Structure formats: C-alpha cells, structure tokens
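Residue numbers (my numbering), protein chains in the order written: chain A, 195 to 324; chain B, 47 to 184. Ideal Cβ positions, reconstructed from N, Cα and C, are used throughout, including at glycine. Please read all numbers here as calculations on a predicted model, not as lab measurements. To start, the structure itself, in structure tokens.
This is how it looks when you write it as structure tokens:
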C-alpha cells in the first residue's frame, strides 16, 4: 500500500499555518471549543429563558446581554477558522502541487477573513435592530 | 516535494483516485468514519455560508429578516435542517472520538466509539425530526 511518503510538515510546510502540525493541533483545540459553543448555540436557543425563536425574541436576548454578543463574536471567528482549516486538511489529502497549495491557502485566508467580517456585520445588524 | 516531483498522495495517480483507492483498499469502519467526518464537515461549511447569508438580511431591518427566514419555512428545508442537526451531532461526537483516540490512546476502542457517535447522532436526528414535524403538524 503506497501510503503518503510526505510528512504532514512537508505537506503543509509552505502554506496557511507554516506547519502541518499547527493545523492539526488547531483543529482539535477549536473543535473542543465548538463542541461547547454549538451546544450552547443549539440547545441554548431551544431551552433558554422563554425560548422564543422568532426574530424579536432572538434580538431581545442578544441586546439584553453583552456577554451573549461577545459569545457570538468568538463563535463566528472560531467556527470560520475551523471550517477553513478543515477544507485545507481535506485538500491536502488530494496531493496538490506546491503552487496549488499556495493559491488555495491564500484563497482560504481571504474567504475566512470575509466570512468573519460578514458574521460581525450580521451581529452588528441584529444588535442595532431593537 | 512539489508538483513536478513524483506524486506523493495515496495510490498511483494521486488526486481523487487516490482517495477512492484508500477506501477500496481499506474498507473498514475507521475509513467509513473518516469519509463521513469529511462529508459532514463539508456539508456544515456550506450550511454556515447559507446560515450567514440568511441572517445577513438583518441589515434591512426586522421585516426584511422575517421575509428572508420565511424562505426556509418549507417541508423540504425542515428535512434538510434535520440532516444539519444530525451532521452537527455526528461531526461533534466523532470529533471528540478523534481527539480522545489521538491524545488519550483510546485507539483500542475506536470502533466502539464510532458506533456510539453514530448511534447518538441518529437518536438526536430522530428527536429533532419529532420536534420539527410535530411543530408543523400542530
């Protein structure tokens, strides 16, 4: 069986994180955070307080607690980073050339920054709606 | 090693064939878990884009947001939402499985852990379907 001869470090050595190891480690740490964040996000929305899932209810809860806005700020950053890093990991399994890796890494950086910026914009819009 | 050198990915021709070859040569539970983790991951990344786009209508005020969210109030989107919840549950539980196998030397129980992750995800999906469709019927 011809397994990959390239070490993870060599595969990711010139892109995104600089080291495959950091990409691997980040995915595990951010994954643990997300297990907590998503638990609060999904279960919390259903069971917290009056559990109103309409726009007015969600906006009211968000406006009433700055910690909830801060929570979502951290959430969107971590979830986007985890998604982008995950796509990167999948792409590496297809053995892209060095050039492809560089293009992809830059594309993922741009997509990631735009997605987080859009998430902050959404949060800002929701907070300003009340 | 760059693209000009010998292909370094699995299999002879690299690219997609290499990944397919990996599944063919190693048709075990762990490989299935690996494939499912990636498919749910990609699905959730797409869901994240849709989720942010939907909430982006908040910029236009409450009425615009209500109108945007109403687009998703259909039976087919309810089915997709149940799948999203199932994907979240599986990706989360299998992610924890990967972490404990990587860090806590649980590799002896990786198949049992996969079974538990899959079973709990299916239960969560069943519960979600029950809640969603009971709400529609009501």
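Beta-carbon spacing of residue i, residue j below 9 Å
i	j	result
residue 312(A)	residue 98(B)	yes
residue 78(B)	residue 152(B)	no
residue 94(B)	residue 252(A)	no
residue 317(A)	residue 270(A)	yes
residue 222(A)	residue 149(B)	yes
Collapsed DSSP secondary structure at residue i in the structure displayed
i	result
residue 72(B)	coil
residue 287(A)	coil
residue 150(B)	coil
residue 259(A)	coil
residue 167(B)	helix
residue 117(B)	coil
residue 138(B)	helix
residue 322(A)	coil
residue 107(B)	coil
Own chain partners of residue i with C-beta closer than 6 Å, once the 5 adjacent residues on each side are dropped
i	result
residue 86(B)	133, 136, 137
residue 301(A)	none
Residues of its chain near residue i, where Cβ-Cβ distance is below 8 Å and the 5 sequence neighbours each way are ignored
i	result
residue 290(A)	298
residue 171(B)	128, 129, 131, 132, 135
Residues of its chain near residue i, where Cβ-Cβ distance is below 7 Å and the 5 sequence neighbours each way are ignored
i	result
residue 75(B)	157, 160
residue 278(A)	302, 305, 306
Inter-stretch contact at 8 Å, needing at least 3 Cβ pairs: the stretch 166-177 of chain B / the stretch 114-131 of chain B: yes
Contact between the stretch 139-156 of chain B and the stretch 70-84 of chain B (3+ Cβ pairs under 8 Å): yes
The stretch 268-288 of chain A contacting the stretch 214-225 of chain A, beta-carbon criterion three pairs below 8 Å: yes
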